[in-house]
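Numbering-wise (our numbering), the sequence shown opens with residue 4 and increments by one.
Notes for the one structure printed next.
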Amino acid sequence: MKLIWCTTRHFGKDLCATTQVAIINQLLSLGHEVRVLGPDVPGERYAWEHVELNQSAMKGKKASSLAKSIAKYLKEINLEEYVVFIDWPLVRYVSPIFDKNGIRWMCIDRSPPADANLFAKLQRIVWKKAWKMVASSLNRNGSCIGGMVVSAAHQHLIRNKFSIADERLCILHAGVNNELFKPNNFETFGTPLKMVYHGKMDRNRGILKLVLLLDALENNGIEAELSLIGSGDLDTHLSNLSKSKPSLTFQKPIPQSDVGNMLQKHQIGFLPMPNIPVWTISSPLKRSEYMSSGLLVLGIKHSGHHLPTVNNNLGSYKLFDQQTFVDDSVEQIQKWMKEDNYAELSAEARLYAEIHLDWSATTQSLGNVLESLEE
């Protein structure tokens, strides 16, 4: 099947494009042809057709200007043989082209607006408009075939808010390339305990709880080191903290190709994002990367941090209530250290990633949707 993906992602510098690259590569492995239309091309080699189109650099004008470029490009090709994926910021602009011509299309929602600023509030208006257009096309038997979401909670939100049936919403959890991420070689916890969080360093992501946890561990006689890798609105605060606190390391983002090697040097990974709507529908990429690297995971308990399979009782993956996260995490770490079975727990995490979180597994749902279209 021939696919076009209209995207806002900057493949050259956007770490979030990691997911998109993995999905595209899986589609290629299934025999599909993929053509990407976007604002730039990847900085590394790629195996699909990628068309770079003009986009305004002005904030607030990026999606509309890119959409105009996409619309102009689409006039030059025969669309009848394609199924089209559209990132939600572009749906309002380009989906009418496909509805008008009877071209099957799908809304791709890998990242609803997550920030807490004014621009994010404006983005939420665009996000709602996109899903309303999906619902409208489906209700009038237009050419939309549905949408892609990242979790069951995300699916339920879209279903309830826009009256779109579950079967029209393909869940594609964040996965991992288990060939690129390798398990660490720690046999025991040792001293100091190596802990890590990587991602955006924004205040609304619960990062400061991790600093409190580091203090609590030290107050309980546990020598530990915390690495925070990323950038955001906490940069200055974390930089100052790290200068006065030797056990805290803060560094700017690293290339995605280096993340696997970095994680191998750690033993525990964190999911501190709080129990608020934007995170309860998420599917964090770092979760899959932690587990593939054999890290034990501690996080805040909510639906966005639940593993994608049901009835899980992993000793290596523990979620706690937001209010008691620090105390519960200290207690859990003390328990792990007392039982002294790090290697066993690490192997458990890696095995789960191999079976349930490899991109070949998480993209199966999308493969099934495309297969049904060929029947």
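Glycine included, every Cβ here is placed at the ideal spot set by N, Cα and C.
Between the alpha carbons of I284 and Y49 lies a distance of about 30 Å.
The C-beta distance from W108 to I148 rounds to 7 Å, short enough to fall under 8 Å.
One thing to note: S295 has its Cβ within 8 Å of the Cβ of V179.
A contact is defined here as three or more CB-CB pairs under 8 Å, and the region 204-215 meets this definition with respect to the region 265-281. When C-alpha distances from V129 are compared across N181, D218, G63, the shortest belongs to G63. In the three-state scheme derived from DSSP, where H, G and I count as helix and E and B as strand, S349 is classed as helix. In the three-state reduction of the DSSP assignment, L141 falls in the helix class, which pools H, G and I. Residues K5 of the same chain have their beta carbon placed closer than 6 Å to that of E84, with the five preceding and five following residues left out of the count. No Cβ-Cβ contact shorter than 8 Å links G302 with W282.
Distance between K321 and K248, taken at the CA atoms: about 27 Å. Counting only residues of its own chain and dropping the five nearest sequence neighbours on each side, I27 has a CB closer than 6 Å to the CB of V37, W51. Annotated three-state conformation of V313 is coil, per DSSP.
Positions of the beta strand (DSSP E) runs, each at least 3 residues long and wholly inside the region 211-281, are given as 227-232, 251-254, 271-274 in order along the chain.
Secondary structure at D102: helix, using DSSP grouped into helix, strand and coil. In the displayed model, K197 falls within a strand according to three-state DSSP.
The DSSP assignment places complete alpha helix (DSSP H) segments of no fewer than 4 residues inside the region 55-90 at 65-77, in order along the chain. Residue environment analysis places D343 among the exposed positions, since fewer than 16 neighbouring C-beta atoms fall within 10 angstroms of its C-beta. Under a 10 Å Cβ-count criterion, T327 is classified as exposed, with fewer than 16 other Cβ atoms of the shown protein chains found around its own Cβ.
The beta carbons of A70 and Y96 sit closer together than 8 Å.
H240 and D218 have their alpha carbons spaced roughly 16 Å apart. The closest CA to that of E47, considering only A155, P92, S260, L30, is found on S260. In this structure, V86 lies away from C110, with their beta-carbon atoms at least 8 Å apart. Our two residues, T21 and D43, have alpha carbons roughly 14 Å apart in a direct line. Only residues of its own chain outside the window of five on either side were considered, and among them V329, S332 have a CB closer than 6 Å to the CB of L216, listed in chain order.
Taking the Cα of L31 as reference, the smallest distance to any Cα among W8, S291, N243 is reached at W8.
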